[in-house]
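For the record, in the sequence shown the residue sitting at position 321 is 321 according to full-length UniProt numbering, with numbers rising by one throughout. We put the beta carbon where it would ideally sit given N, CA and C, even for glycine. Single-structure report; data block below.
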Amino acid sequence: MDRQLPEKDTSSLEQLSVQSDLAYNDAIRDAFDAPAAPTAPVVLTRSEKLQMAVKQTYERKHDLTRNAKQVEEGWVKANEVREKADADAESLRDKAEAAKAEIWATIRRMEAVLKRIEADRAADRAKAEEDRVKAEADRAKAEEDRAKAEAVRAKAEADRAAERAKIKSLEAKFATLDSEVKMLKSKVEVLEFEKANVEARLRAHTQDIDLVFGMAKEVAQYVASQDSLWMNRIRRRAIVINSQEVLARILLPGSPPDNKNPPPDSKTWRNMLELEGKLSFTKTLINTLMTDDLAMQWISEDFGEFRDLGNDAAHPKYSKKVWQEVIDHMSIENQIDEEEKRSLGVLVNVTSYFKNEYL
């Protein structure tokens, strides 16, 4: 806060004036009341005493007035000095505030510097600790590598010793095997000669077997075309094969018409039933074929090499009516029983149905 200057004190001047007036009145009263001296070389009259008292009073008043003026001048000078001192104090206070602000700024800068120094020290300590840990890890790794190298060296030494022993053993075995190889070469030469003889005999036997098999097929072909029993068996097989081929063409739309290899077992048929877009066929197949175990057994058979044997025999060309007549004729001749007749009828009906619906 700014220091307030005191107001000019006028009470002292008034007191000096009052004191001078009182002194003047007291001097006059003393001059009239004072007793006369018993003896005096100079006798003053009352008027002279009064004049002397007035003169002394005026002198005293003059002195007091002069003193008052001096006091007032001193007071003015004191006020000037005080104002100057206040101005100097204000200037010093401003300078002190500026210096204080600068000191605080310096303190803050020093604190920031100290914080940076402390942070640098902490970073240096952390770096030193990290370097120490890394050096310790490197030392441990170097020690571990040294131990591993020592172990590898020992193992290599042991391996070399084992290899040397193994080489010696292999050399001994090689000498033994070399003698055995020579003996086996002589045996191979004998076996090669025997093999040539066996192959020659095998070629001769194969020709004989082919001749016998061809004769058997010719006999079977002849019997199938001449004997009614065999002919009816071939016709029965033809019903099954025709059913397989028709169903295969339904289940496999992309298969060629001359496909002669129907699925070999019922598992393949079940897989085919899962084809997309064949729900109606599946329903019909289940409702028709699955009701007859023998028909399903036939439909999953594989006739192998004898599949086409006798197919050139005289038989109808897959007409439902004629096939039914053939089935009835075979039943009359007691070449099929009632169960086989019913199952063959199921296959003919299913085949005819799908040929009319889909093919």
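Minimum Cα-Cα distance from Ala248 among the listed residues Arg235, Val350, Glu72, Glu80 corresponds to Val350. Here Thr45 carries a coil assignment [DSSP, helix/strand/coil]. Burial is judged here by how many other beta carbons sit within 10 angstroms of a residue's own beta carbon; Glu245 has at least 16 and is buried. A distance below 8 Å separates the beta carbons of Asp292 and Arg342. Shown here, Asp337 sits in coil according to DSSP, grouped into three states, outside any helix or strand. Ser243 sits close to Ile299, with the two beta carbons spaced by under 8 Å. Under the three-state reduction of DSSP, Asp145 is assigned to helix. The beta carbons of Val326 and Ala295 sit no closer together than 8 Å. Rounded to whole angstroms, the gap between the alpha carbons of Ala204 and Asn197 is 11 Å. In this structure, Leu344 lies away from Arg237, with their beta-carbon atoms at least 8 Å apart. Membership of Leu289 in any alpha helix (DSSP H) is not indicated, and neither H nor E is assigned to it by DSSP. Taken atom to atom, the span from the alpha-carbon of Arg125 to that of Lys134 is near 14 Å. Residue environment for Thr57: buried (at least 16 other C-beta atoms within 10 angstroms of its C-beta).
Spanning the alpha carbons of Glu144 and Ala162 requires a straight line of approximately 26 Å.
Cβ-Cβ distances below 6 Å link Val152 to nothing in the same chain once the five nearest sequence neighbours on each side are left out. Ala137 and Ala156 have their C-alpha atoms roughly 27 Å apart.
The region 35-114 is shown to contain no whole alpha helix (DSSP H) run of 4 or more residues. Glu83 and Thr65 have their C-alpha atoms spaced approximately 26 Å apart. Each residue's CA atom was taken as its position, placing Ala140 and Ala154 some 21 Å apart.
Taking every protein chain shown into account, the CB of Ile332 has fewer than 16 other CB atoms within 10 angstroms, so this residue is exposed. In this structure, the alpha-carbon of Ala122 lies about 58 Å from that of Val81.
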